[in-house]
Amino acid sequence: HATLGDRYGIDWVGFQRDYDIIRDHISRVVPGFESFNKDVRRKGGFILPNGPRDERRFDTSVGKAMITVNELEHLDRPAGRLILQSMRSHDQFNTTIYSLNDRYRGIKNGRDVVFVNPDDILELGLADGQRVDIFSEWPGEADRELRNYRVVSYPTARGCAAAYYPEANVLVSLASAAVGSKTPVSKAIIVRLEPAAVRV
């Protein structure tokens, strides 16, 4: 409302005051939400319609599931480097972080961790719990970095590592995007780990 005012006849103030009004609007345009305000108050929540699950219906040109098989792209990993993926914690929805804990992986009170296979930790001359700086390497660019992360021994695949996003997003080059979708390649970041320059 502060930006658009009343120019479009939208009751922004009403939306802010009463979320039922927002849900009423959603119920008029999103299939499966016709009784949104009633359903959202149902104990145990509600299940949205799903064509394949409910009716074995697929909204495709042939009326069936369309499955493709794609070649796996081999990523060369230089010696002494890991392939890092960014990921969510348990207490996170997209980029909204609800706590600094991740009960899936036993992490408490912090997100400044990098998960590494125990054999890779040994091979790199590091130790579980050690503080490291993470550097991503992109051709023709200066290294991108995350400083002072704690190594966590975790059964990742050999040669692979993981860190939480959005914090790890800084390691992804703007030039590194998927063909077609143009989304950042956040699951295949070549990194090196070095003992942290400054321990905090």
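Residue numbers (the working numbering): 384 to 583. Even glycine gets a Cβ: it sits at the ideal position worked out from N, Cα and C. All values reported here derive from a predicted model rather than from experimental measurement.
Sequence-distant residues of its chain with Cβ nearer than 8 Å to residue i (five each side left out)
i: Arg460; result: Ile466, Gly542, Ile573
i: Gly415; result: Leu431, Pro432
i: Ile480; result: Ser472, Asp474, Arg494
i: Gly463; result: Leu507, Arg575
Same chain, Cβ closer than 7 Å to residue i, neighbours up to 5 away in sequence not counted
i: Pro501; result: Ser536
i: Gly434; result: Arg440, Phe441, Asp442
i: Ala560; result: Thr566, Pro567, Val568
i: Gly512; result: Arg533, Val534
i: Thr539; result: Phe498, Val499, Asn500, Ala545
i: Leu483; result: Asn492, Gly493, Arg494
Per DSSP, cross-strand counterpart(s) of residue i
i: Gln475; result: Ile480
i: Val515; result: Tyr532, Pro578
i: Pro567; result: Ala560
Contact check, residue i vs residue j, beta carbons under 9 Å
i: Tyr547; j: Gln475; result: yes
i: Arg533; j: Gly508; result: no
i: Ala551; j: Trp521; result: no
i: Phe419; j: Asp437; result: no
i: Asp394; j: Ile409; result: no
i: Asp516; j: Ala579; result: yes
i: Glu528; j: Val553; result: yes
Rounded Cβ spacing between residue i and residue j (contact assumed at less than 8 Å)
i: Ser469; j: Asp485; result: Wrong, their Cβ atoms sit about 14 Å apart, outside the cutoff.
i: Pro567; j: Thr478; result: Actually they are not in contact, since the Cβ atoms of Pro567 and Thr478 sit about 13 Å apart, beyond 8 Å.
i: Ser556; j: Glu524; result: 6 Å
Contacting residues, own chain, Cβ-Cβ under 6 Å from residue i (five flanking each side not counted)
i: Phe398; result: Ile404, Ile405
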